[in-house]
DNA sequence: TCTATTTCTCAACATATGTTAGGCTTCGTG
DNA sequence: CACGAAGCCTAACATATGTTGAGAAATAGA
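Residue numbers (the numbering used here), protein chains in the order written: chain Y, 3 to 249; chain B, 3 to 249.
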């Protein structure tokens, strides 16, 4: 079971941070059965109401989760980057409560739900790491509630940009002073609870004031501190330092 | 280890729904060490930045979690009712990313973090049940992002009222056509991302139109369907039917 | 390279919700 | 039962954000 599976390595690296894993745990994690699949941009791979019974790991590309109200308004509730193990809920809950869609072309590793559950049962350390992953997800959702509920448009967008900056940096996907953000302004609007027109206004204002520098989908952050301040951003909620020491 | 611990029974009943527990699992769950404490209304028992290393079960009363922006605006991110095992994050994460405060007088059972972790390690079924609990929490947070991000004030408040109605009903704490909601309009505002004044406007409008009937903090729902429709409420996200069959 | 489509930009105007402020009611406490 | 504090209600007015619509720029496909 020690074939080379470079696709899973990034995830393993992250899970190691979550909980202490022994050699058997790591082997079991790398031994997860999976099927690689490449999916084009904009494709739904989970739909609300479905029962997929499989999880998936993003090997490359970006994806997002969203829900649509009865009025047809869309709200993006999270954006995911390579290394994120998403849709663990599908392995554990009976029904999907939201949609998941690719943002860019993605390489995804699909893992059967039963394999996840068996892994959690046989290797409680790994179960704990996955649980912690879910706890951190929940923490990010909480911050999004705050973002959308209590910050004005300007801070809200700045906050989103700060969050991406830090997450991409940690994943080794950001350049020194910026990153490629593969979202349209409409998608940014759906993530912040604003309209595309207003996102445009705010983005241009931030640009004009030198807080960000845009070039197509590239977001440059010439100086972190002023943007951070406008956003009221504090990274505690990302739990980047999370290492659970043994019980 | 079979002393009577009526305080924990409600939680056990809920966890049984989450994952299949054998006799040993249930015994271990009921054997959790805890310390009962009664806390007055409005008291913080977790503060952002702290590291409590203990979880707690609400035996009676209501509590809520919130975060405060740099501008001083408060956003309530969840409200908890008796039977909720809250702050599992404090047992697993290094630092609290939000505040938790009592809404009414509460009887709380505090459980040491180490006991939670040991339980999860020794009884993977229980670990799985707790993980599922966290997954459902996360699902509720997602719905709150949608609520606050994409619904207008009227639907937003109606949605909150519907959510409470169903959750209290399931917990056996609602009367047939309504329930006691121990929140001020200011707190409702903080939960919906509105101002107290506007909450008042909307509440009176819903009342005037016969969608709800208020008497002090009592919320009567004479007819479920119209309110449900105004809210665009669908209970999928609460995962009330959640029963995870064996792997 | 050309064309069709999607995205971005901009402006004029509309409105849901916020702000401020005051009086009224209810509730808790002595 | 009286008092003070907390919560509720109301109104007039302010504004951040939404709406509509249309042209310009970028991107993707042929």
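Note that CB positions come from ideal geometry on N, CA and C, so glycine has one too.
| request: Would you decide whether residue 52/Y is buried or exposed? Buried here means 16 or more other CB atoms lie within 10 Å of its CB. | output: Exposed, by the Cβ-count rule.
| query | Using the C-alpha atoms, what's the distance from residue 210/B back to residue 228/B? | reply | Computed Cα separation, rounded: 14 Å.
| Between which two residues does the alpha helix (DSSP H) harbouring residue 21/Y extend? | It is not in any alpha helix (DSSP H) - residue 21/Y carries neither H nor E in the DSSP assignment.
| task | Residues of the segment 71-86 of chain Y with a CB closer than 9 Å to any CB of chain B: list them in chain order, please. | result | Correct list: 71, 72, 73, 75, 76, 77, 78, 79, 80.
| Quick one: any contact between the segment 53-67 of chain Y and the segment 76-87 of chain Y, if contact means 3 or more CB pairs under 8 Å? | With contact defined as three or more Cβ pairs closer than 8 Å, the segment 53-67 of chain Y and the segment 76-87 of chain Y are in contact.
| query | Can you list, in chain order, the stretches of the alpha helix (DSSP H) that have 4 or more residues and sit fully within the segment 208-241 of chain B? | reply | Segments of the alpha helix (DSSP H) lying fully in the segment 208-241 of chain B: 226-233.
| said: Any C-beta of chain B within less than 9 Å: which residues of the segment 149-172 of chain Y qualify? | reply: Cβ contacts with chain B: 149, 150, 151, 152, 153, 154, 157.
| For residue 185/Y versus residue 137/B, is the C-beta spacing smaller than 8 Å? | Taking 8 Å as the cut-off, the beta carbon of residue 185/Y is found no closer than this to the beta carbon of residue 137/B.
| Do the segment 102-109 of chain Y and the segment 97-107 of chain B meet, that is, are 3 or more Cβ pairs less than 8 Å apart? | As far as the Cβ criterion goes, the segment 102-109 of chain Y does not touch the segment 97-107 of chain B, which means the pair count is below three.
| said: Assess contact between the segment 160-169 of chain Y and the segment 199-208 of chain B, defined as three or more Cβ pairs (one per stretch) separated by less than 8 Å. Is contact present? | reply: Result no; under three Cβ-Cβ pairs closer than 8 Å.
| task | Grab me the residues of residue 129/Y's own chain with a C-beta within less than 6 Å of its C-beta, minus the 5 sequence neighbours each way, in chain order. | result | Answer for residue 129/Y: 122, listed in chain order.
| message | On the criterion of 16 or more Cβ atoms from any shown chain inside 10 Å, does residue 54/B qualify as buried, or is it exposed? | response | So residue 54/B counts as buried.
| From residue 212/B to residue 199/B, what does the alpha carbon distance come to, in whole angstroms? | Distance between the alpha carbons of residue 212/B and residue 199/B is about 20 Å.
| field | DSSP-derived helix/strand/coil call for residue 161/Y | value | Residue 161/Y: helix per DSSP, three-state reduction.
| On the three-state DSSP scale, how would you describe residue 248/B? | Caution applies to residue 248/B, whose pLDDT of 45 falls short of 50 and renders its modelled position unreliable; the value that the coordinates give is listed next. If DSSP states are grouped into helix, strand and coil, residue 248/B belongs with coil.
| Among residues of its own chain, excluding the 5 on either side of residue 190/B, which ones have a beta-carbon nearer than 6 Å to its beta-carbon? | 201, listed in sequence order.
| task | Let me know the alpha helix (DSSP H) ranges lying completely inside the segment 121-171 of chain Y, each 4 residues or longer, listed in chain order. | result | The qualifying runs are 126-152.
| said: Our contact map puts residue 141/B next to residue 90/B with C-beta atoms below 8 Å; I'd like the distance itself, whole angstroms only. | reply: Their Cβ separation, rounded to whole angstroms, is 15 Å, which puts residue 141/B and residue 90/B out of contact at 8 Å.
| request: Classify residue 114/B as helix, strand or coil using the three-state DSSP reduction. | output: When secondary structure is reduced to three states using DSSP, residue 114/B falls in the strand class.
| message | Could you give the first and the last residue of the continuous beta strand (DSSP E) run that contains residue 39/Y? | response | Element bounds for residue 39/Y: 37-41.
| Which residues bound the beta strand (DSSP E) around residue 180/Y? | Secondary structure note for residue 180/Y: its beta strand (DSSP E) is the uninterrupted segment 180-182.
| said: Looking at chain Y, is there any beta carbon in it that lies within less than 8 Å of the beta carbon of residue 42/B? | reply: Chain Y, which has no Cβ nearer than 8 Å to the Cβ of residue 42/B, makes this no.
| field | Interface partners of residue 57/B on chain Y, CB under 8 Å | value | Near residue 57/B there are no residues of chain Y at all, since even the closest Cβ is about 12 Å away, more than 8 Å.
| field | Straight-line Cα distance separating residue 118/Y from residue 19/Y | value | Cα-Cα distance, rounded: 19 Å.
| message | In this structure, how does DSSP classify residue 200/Y when only helix, strand and coil are distinguished? | response | Helix at residue 200/Y.
| task | Evaluate residue 132/Y with the Cβ neighbour count: other Cβ atoms within 10 Å of its Cβ, from every protein chain shown; 16 or more gives buried, anything less gives exposed. | result | By the neighbour-count criterion, in which 16 or more other beta carbons inside 10 Å mark a residue as buried, residue 132/Y falls on the buried side.
| query | Just checking my contact of residue 33/B with residue 125/B at CB under 8 Å: how many whole Å lie between their CB atoms? | reply | Not confirmed; about 10 Å, so no contact.
| message | Given this structure, state the Cα-to-Cα distance separating residue 120/B from residue 31/B, to the nearest angstrom. | response | If you take the alpha carbons of residue 120/B and residue 31/B, they lie about 11 Å apart.
| Neighbour flag for residue 180/B against chain Y, beta carbons, 8 Å | Chain Y, which has no Cβ nearer than 8 Å to the Cβ of residue 180/B, makes this no.
| In chain order, which continuous runs of the beta strand (DSSP E) of length 3 or greater are located wholly inside the segment 71-95 of chain B? | Within the segment 71-95 of chain B, the complete beta strand (DSSP E) segments of 3 residues or longer fall at 76-82, listed in chain order.
| field | Contact residues within the segment 126-141 of chain Y, judged by C-beta distance below 9 Å to chain B | value | Within the segment 126-141 of chain Y, contact with chain B at the beta-carbon level (separation under 9 Å) is assigned to 126, 127, 129, 130, 132, 133, 134, 136, 137, 138, 139, 140, 141.
| request: Closer than 8 Å, Cβ to Cβ, to anything on chain Y: give me those residues from the segment 88-100 of chain B, in chain order. | output: Within the segment 88-100 of chain B, the residues whose Cβ lies closer than 8 Å to some Cβ of chain Y are 90, 91, 94, 95, 96, 97, 99, 100, listed in chain order.
| said: Could you pull the DSSP bridge partners for residue 59/B from this structure? | reply: In the DSSP assignment, residue 59/B forms a beta bridge with 87/B, 111/B.
| task | Examine chain B for any beta-carbon lying closer than 8 Å to the beta-carbon of residue 234/Y, and answer yes or no. | result | Interface criterion met: the Cβ of residue 234/Y is under 8 Å from a Cβ in chain B.
| query | Can you round the beta-carbon distance between residue 173/Y and residue 85/Y to whole angstroms, since I take them to be within the 8 Å contact cut? | reply | Right, the Cβ-Cβ distance comes to about 6 Å (below 8 Å), so this counts as a contact.
| query | Which residues bound the alpha helix (DSSP H) around residue 194/B? | reply | Membership of residue 194/B in the alpha helix (DSSP H) is indicated by the continuous run 187-194.
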